[in-house]
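Following the numbering used here, the numbering of the sequence shown begins with -2 at its first residue and continues without gaps.
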Amino acid sequence: MTTPYSSLALADPLKRAVADMGYENMTPIQAQAIPVVLAGQDVMGAAQTGTGKTAAFSLPLLQRLLKHENPSLSPARHPVRALVLLPTRELADQVAQQVKLYAKYTHLRSAVVFGGMDMKPQVEELRKGVEVLVATPGRLLDHIEAKTAVLNQVEYVVLDEADRMLDIGFLPDLQRILSYLPKTRTTLLFSATFSPEIRRLAESYLQNPITIEVARPNETASTVEQHFYLVDDEDKRRAIRQILKDRQLRQAFVFCNSKLGTARLARALERDGLKTTALHGDKSQDERLKSLAAFKAGEVDLLVATDVAARGLDIKDVPAVFNYDVPFNAEDYVHRIGRTGRAGAEGLAVTLVTRNDNRLLGEVEKLLKKKLDLEHLAFEEEKPRGRFNDGRRAWRGRDEGEEATEEARPRRDRDREGSGSSTPRRPPRPAAAPADPFFDQPYEASAPAEDAAPAPWEKSARPARAGVSANIRSKRKVAALFKASEPSSSSS
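If you want it as structure tokens, here you go:
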């Protein structure tokens, strides 16, 4: 049963903003969380990405902040009253844009601060005064130390994607930030999964929270069709191309476990003729924003990303997700496939499993509490003989500029030659040049130097001349002058 937004006790400016965005009915997390936040209670929410968490905390916070709304231009009239913390730059920027859209008909101000960019524009915006501050923990601490962010009037704190912030290692930063805040406040914690660490964090900083679970903890969306294919490592790229072709998919996410693997795979897929861009932590913020803009505009077929870089990205209508590597952390599987099938839409999640991934796959099964069946994928195209597959290992067989041995040649080639196929064979290698017999003769020592006659082109040594060499000048005789010493006087 759906609940319309009109049933909420929201102010007219917020209702207008929601209507402008085309929203009519609330998602399950919104229907459960918004009334609780409006009542001023702490919330511990378990919801997958793409379920409308941003609106679930943004709308009630803005509603409660309307009592502080002030049209004055004075920064003192606009202190920070709501703080939203997120793990990545992309997610922080995305949430900040949503908050601006919800608050566009009010006098409430918002700003976003994150790393990877110059602090000066952020400092200028903070000095103007903002009621809602969206930030990543590291950059927020920079502003706190620079005294450009003052948090002594914060009334609401949101920890979004809290499990990811703990995975990245933000717990010490979170503890420092929370120590700067007033003790009396409302704290909202949202996470796609509930782990023991998340529960300990909630016990430390939340006061009698209301637990809201849209789906069973660690449960994947029912609208996502999941497949696990057992393939060799060198066949993973072929599998992606095959599934894209069979399913007629226009775009997809591809996840890797490392930044280096992400960059290499993106280059390899680009060589295969697929428009590809990479998203990982080693890229500058400007490069990452350009990659996202190109993918959203449909200029790119595949977005190859790491878990951290793609966490929380809200890109609509992404039909498929490929797990090129089985994630090291089983909970990342839930986050990865949450990139597709968002807000009730259908999606496809494909995980490419090798025989070395048994332990990692077992962790995913344990998390999902069900047995995962491995499927086999029939390839239509032959295995390519290029030098690279994903950039990490070479194909077996001929290399560029290198002849394969008889044992290393593909068996199908040998069978083809034996069956009398009409396929033309390579021309034989040219015969080697005949060996020179001179180099086969044994070594013979040459005559001693004193017995050997000098070569005709060498000059004979001149006999030495008796006497002193003309090059040595004789020393001239000179008189030596000595000062006679006075005789010592003897005592009488």
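Built from N, CA and C at the ideal position, the CB exists for glycine as well.
Taking all protein chains in view, the Cβ of GLY335 is crowded by 16 or more other Cβ atoms within 10 Å, so the residue is classified as buried. Ranked by how close their Cα comes to the Cα of GLU66, the residues GLN38, ASP90, ARG106, GLN27 have ARG106 in first place.
Under the criterion of beta carbons closer than 8 Å, VAL211 and ILE31 do not qualify as touching, at roughly 13 Å. By the neighbour-count definition (other C-beta atoms within 10 Å, threshold 16), ALA43 is a buried residue. No Cβ-Cβ contact shorter than 8 Å links PHE252 with ASP170. Taking a contact to require three or more Cβ pairs closer than 8 Å, the region 229 to 238 and the region 60 to 74 do not qualify as touching.
The beta carbon of LEU358 lies closer than 7 Å to those of VAL323, VAL350, LEU369 in the same chain, with the five residues before and after it left out. DSSP places LEU59 inside the alpha helix (DSSP H), whose first and last residues are 50 to 62.
Between PHE111 and ALA89 the beta-carbon gap is near 5 Å, inside 8 Å, which marks them as a contact. Within the DSSP bridge table, the entry for VAL301 names VAL251, ALA275 as partners. In the DSSP assignment, PHE292 falls outside any beta strand (DSSP E) and lies within the alpha helix (DSSP H) extending over 282 to 293. The alpha-carbon separation between PHE250 and ASP298 amounts to approximately 9 Å. Annotation for ALA8: no beta strand (DSSP E) segment contains it, and DSSP assigns it neither H nor E. Within the model, the alpha-carbon separation for TYR330 versus TYR177 is close to 34 Å. Under the three-state reduction of DSSP output, THR103 falls in the coil class, being neither helix nor strand. Here the alpha carbon of LEU137 sits roughly 52 Å from the alpha carbon of GLU377. In this structure, GLU328 sits away from PHE225, with a CB-CB distance that is not shorter than 8 Å.
In this structure, the alpha-carbon of MET23 lies about 20 Å from that of GLN38. For ASN149, the three-state secondary structure derived from DSSP is coil. Contact annotation: LEU186 and VAL40 have beta-carbon atoms nearer than 8 Å. THR190 is positioned such that its CB atom lies no closer than 8 Å to that of ASP164. Shortest Cα-Cα distance from LYS97 to any of ARG333, ALA263, PRO10, LYS117 involves PRO10.
Apart from the 5 residues on each side of it in sequence, GLN95 sits with its Cβ closer than 8 Å to the Cβ of THR51, ALA52, SER55 in its chain, given in chain order.
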